[in-house]
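**Q** Position 282, counted from 1, in the sequence shown is what the numbering used here calls 288; the numbers after and before it change by one each time, with no gaps. All C-beta atoms in this analysis are idealised placements derived from N, C-alpha and C, irrespective of residue type, glycine included. All values reported here derive from a predicted model rather than from experimental measurement.
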Amino acid sequence: MRRIQAGSALSAFGLGFTVPYLYVYVAQVRDLGATTAGVVLAVFAMAALVVLPFSGRAIDRRGPVPVLLVASGLAAVGAVAMGLASSVPAAVGAAALLGAGTAVLQPALATMIVWCSEPVGRTRAFALQFFLQNLGLGLGGLIGGQLVDVSRPDSFLLLFSIEAAMFLVLAAVVGTVKTAGSPALQGARPAEGGKGGIRALLGHKAMVQLCVLGFVLFFACYGQFESGLAAYGTEAAGIAPSTLGIALAANTAVIVLAQFLVLKFVERRKRSRVIAAVGLIWALAWIIAGYAGLGHGSQAMATAAFVSTYALFGLGEAMLSPTVAPLVADLAPESMVGSYNSAFALVKQLALAVGPAVGGPMGASLHGPYIVTFVLFSLLVTVLAVRLGKQLTPVQNQPSLATKPSRIVVRHEPEKETAAAA
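Below you can see the structure in the form of structure tokens.
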């Protein structure tokens, strides 16, 4: 498990070097224009949508390790190709390889965590993964910002080379993991010829509801960070572009500082109620964002309110990380863990594609309707979470129940009259 977590953190560290600068690199450094940069980002997202429907079945049939090794190699090649890309076809092709490779990593890693953990311990395992990934992204972005130089394309080649090296390190670390001896794995390997597929998943009512809930979650939060909310902050609230970086730093800081404090709270609560609480917290965050852009306070107050919005989003994310991903694993049949993780990753990718397309124009021009819309979406999270709770078993909703010792010391059975007569 420690090797899996270390590899996951290192891959996130590598992504942090390039993700914040991909648009600038294509549009300005390679001088391919804003339109090409938009196409490259779109191809990056579309590649994930293409491969994720197939990756789950491959994970279930071949196991997560071989799939992860192939995905890591693909992502490494894509990263190096992007660093060398100087034409539109080269940039688009590199984006396709990089997007396809990185998209498969998460469901493969999630499946490995499931295979190597007991149901009760998955909450902490996924919380630790989320913590390390955010820490890795933050450190990678911080160091990458010190190395990058827009006037020197070679500096970007260095960033993409570091990213590629981290993908290869991930493959090397995870490739040494031996899961066959794990007690949690017994009976969890996919059975040859087992029934499964998209029909089985769509027939699972609780999983379908969780996917719908997941789409709303990612659409209302992650899909707005770098598009709608950023546009709203600069246009409506008059936030300086540099303040967006401070807001994102506040978001990451809350996640890193609060993750394990929140974990103690989450472990003793029903998952559906935790997710419902996140919806209320995010509704409050959007209301505060509304004050920042639509209120009549000072610019300092607006800036503080905007940064607070990102911080509240971070608190909600810290509550979700030990809740949603383990729930996907607990709902999955033993032979379809990879398919369930990939399906949920596909839902997330769809939300991240639709979110900026809807939120960007609204955040830039329709300020009032934008805030009202996403307050309602956040409240919808609460409603959907409560409905999902009715579809879950008590242990699925609160895994800690499985570890509670019985309070029955001795059971008294009244003597039957027939026994007494005898």
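Counting along the chain, where does the alpha helix (DSSP H) carrying residue 210 start and finish?
**A** Taking the first residue of the sequence shown as 1, we reach residue 210 at position 204. No alpha helix (DSSP H) contains residue 210, which DSSP labels as neither H nor E.
**Q** Give every residue of the same chain whose Cβ lies closer than 6 Å to the Cβ of residue 58, excluding the five residues on either side of it in the sequence, and list them in chain order.
**A** Looking up residue 58 in the sequence shown gives position 52. Here the set comprises 109, 348, 351 and 352.
**Q** Once DSSP output is grouped into helix, strand and coil, what is the label at residue 16?
**A** Taking the sequence shown and counting its residues from 1, one reaches residue 16 at position 10. Helix, per DSSP.
**Q** Short of 7 Å in beta carbon distance, which residues of its chain neighbour residue 374, apart from the five on each side in sequence? Order them along the chain.
**A** Position 368 of the sequence shown, counted from the first residue, corresponds to residue 374. So the list reads 300, once near-sequence residues are dropped.
**Q** Measuring only the C-alpha atoms, how far is residue 216 from residue 338?
**A** Within the sequence shown, the letter at position 210 stands for residue 216. Within the sequence shown, the letter at position 332 stands for residue 338. The alpha-carbon atoms of residue 216 and residue 338 are separated by roughly 12 Å.
**Q** Inspect the CB distances between the stretch 78-91 and the stretch 166-184 and report whether three or more fall short of 8 Å.
**A** Taking 8 Å as the limit for Cβ pairs, the verdict is that the stretch 166-184 does touch the stretch 78-91.
**Q** For residue 138, is the beta carbon positioned less than 6 Å from some heavy atom of the ligand COA?
**A** Absence of the ligand COA from the depicted structure is noted, as is the absence of any ligand whatsoever, leaving it without description.
**Q** Following the continuous alpha helix (DSSP H) through residue 127, name the residue where it begins and the one where it ends.
**A** As a first step, residue 127 is located in the sequence shown; it is residue number 121 there, counting from the start. First-last for residue 127: undefined, no H or E at that position.
**Q** If I measure Cβ to Cβ from residue 104 and keep anything under 7 Å in the same chain, skipping five residues before and after, which residues do I get?
**A** Against the sequence shown, residue 104 aligns to sequence position 98. Around residue 104: 50, 81, 84, 85 and 88.
**Q** Any beta carbon of chain B sitting closer than 7 Å to that of residue 401?
**A** The displayed structure is made up of one protein chain only, and chain B is not part of it.
**Q** Please determine, among 64, 147, 36 and 44, the residue with the shortest C-alpha to C-alpha distance to residue 2.
**A** The question about residue 2 has no answer here: the residues shown for the chain are numbered 7 through 428.
**Q** At what residues does the alpha helix (DSSP H) containing residue 325 begin and finish?
**A** Residue mapping note: residue 325 aligns to position 319 of the sequence shown, counting from 1. That run of the alpha helix (DSSP H) goes 305-326.
**Q** Based on Cα-Cα distance, which residue from 224, 309, 340 and 376 lies nearest to residue 322?
**A** Mapped onto the sequence shown, residue 322 falls at position 316. Among 224, 309, 340 and 376, the Cα nearest to that of residue 322 is on 224.
**Q** Distance check for residue 65 and residue 55, CA to CA, integer angstroms please.
**A** Locating residue 55 in the sequence shown gives position 49, counting from the first residue. Locating residue 65 in the sequence shown gives position 59, counting from the first residue. Each residue's Cα considered, the two are about 16 Å apart.
**Q** For the structure I just gave you, are there three or more beta carbon pairs, one from the stretch 254-262 and one from the stretch 308-327, closer than 8 Å?
**A** Yes, they touch.
**Q** Give the DSSP-derived three-state secondary structure of residue 271 in the structure shown.
**A** Here the question's residue 271 lines up with position 265 in the sequence shown. Reduced to three states, the DSSP call for residue 271 is helix.
**Q** Would you mind reading off the limits of the alpha helix (DSSP H) that contains residue 402?
**A** Locating residue 402 in the sequence shown gives position 396, counting from the first residue. Start and end: 400-403.
**Q** Which residue's Cα is closest to the Cα of residue 255: 144, 157, 365 and 359?
**A** Taking the sequence shown and counting its residues from 1, the one referred to as residue 255 is at position 249. With distances taken between Cα atoms, residue 255 lies closest to 144.
**Q** Would you check if the distance between the CB atom of residue 406 and the CB atom of residue 273 is smaller than 7 Å?
**A** Taking the first residue of the sequence shown as 1, we reach residue 406 at position 400. Taking the first residue of the sequence shown as 1, we reach residue 273 at position 267. Cβ atoms of residue 406 and residue 273: closer than 7 Å.
**Q** Check whether the stretch 289-300 touches the stretch 369-387, taking contact to mean three or more Cβ pairs, one atom from each stretch, closer than 8 Å.
**A** Yes, they touch.
**Q** Keeping to the same chain, check which residues put their C-beta closer than 8 Å to that of residue 276; ignore five residues upstream and five downstream.
**A** Residue numbering aside, residue 276 sits at position 270 when the sequence shown is read from its first letter. If we look at residue 276 and ignore the five residues flanking it on each side, its Cβ neighbours are 395, 403 and 404.
**Q** By the 10 Å Cβ neighbour count, where 16 or more other Cβ atoms means buried, how is residue 400 classified, buried or exposed?
**A** Numbered from its first residue, the sequence shown carries residue 400 at position 394. Residue 400 comes out exposed.
**Q** How far does the alpha helix (DSSP H) with residue 173 in it reach, from first residue to last?
**A** By 1-based counting over the sequence shown, the position of residue 173 is 167. Run containing residue 173: 159-181, per the alpha helix (DSSP H) assignment.
**Q** Using three-state DSSP, classify residue 372 as helix, strand or coil.
**A** Residue numbering aside, residue 372 sits at position 366 when the sequence shown is read from its first letter. Correct three-state label for residue 372: coil.
**Q** Taking the continuous alpha helix (DSSP H) assigned at residue 25, which residues delimit it?
**A** Counting from one through the sequence shown, the residue named residue 25 turns up at place 19. Where residue 25 is concerned, there is no enclosing alpha helix (DSSP H), given that its DSSP letter is neither H nor E.
**Q** Got a sec, what are the start and stop residues for the alpha helix (DSSP H) residue 36 sits in?
**A** Against the sequence shown, residue 36 aligns to sequence position 30. Premise fails: residue 36 is in no alpha helix (DSSP H) and is neither H nor E.
**Q** By Cβ distance below 7 Å, which residues in the same chain neighbour residue 222 in space, the five residues on each side in sequence not counted?
**A** Your numbering for residue 222 matches position 216 in the sequence shown. Once the five neighbours on either side are set aside, the close Cβ partners of residue 222 are 383, 386, 387 and 390.
**Q** Determine, using beta carbons only, whether residue 159 and residue 32 come nearer to each other than 7 Å.
**A** In the sequence shown, the residue the question calls residue 159 occupies position 153. In the sequence shown, the residue the question calls residue 32 occupies position 26. Not a contact, by the Cβ cut-off of 7 Å.
**Q** State whether the stretch 359-375 contacts the stretch 123-143, with contact taken as three or more CB pairs (one from each stretch) at a distance under 8 Å.
**A** They do not touch, by the three-pair rule.
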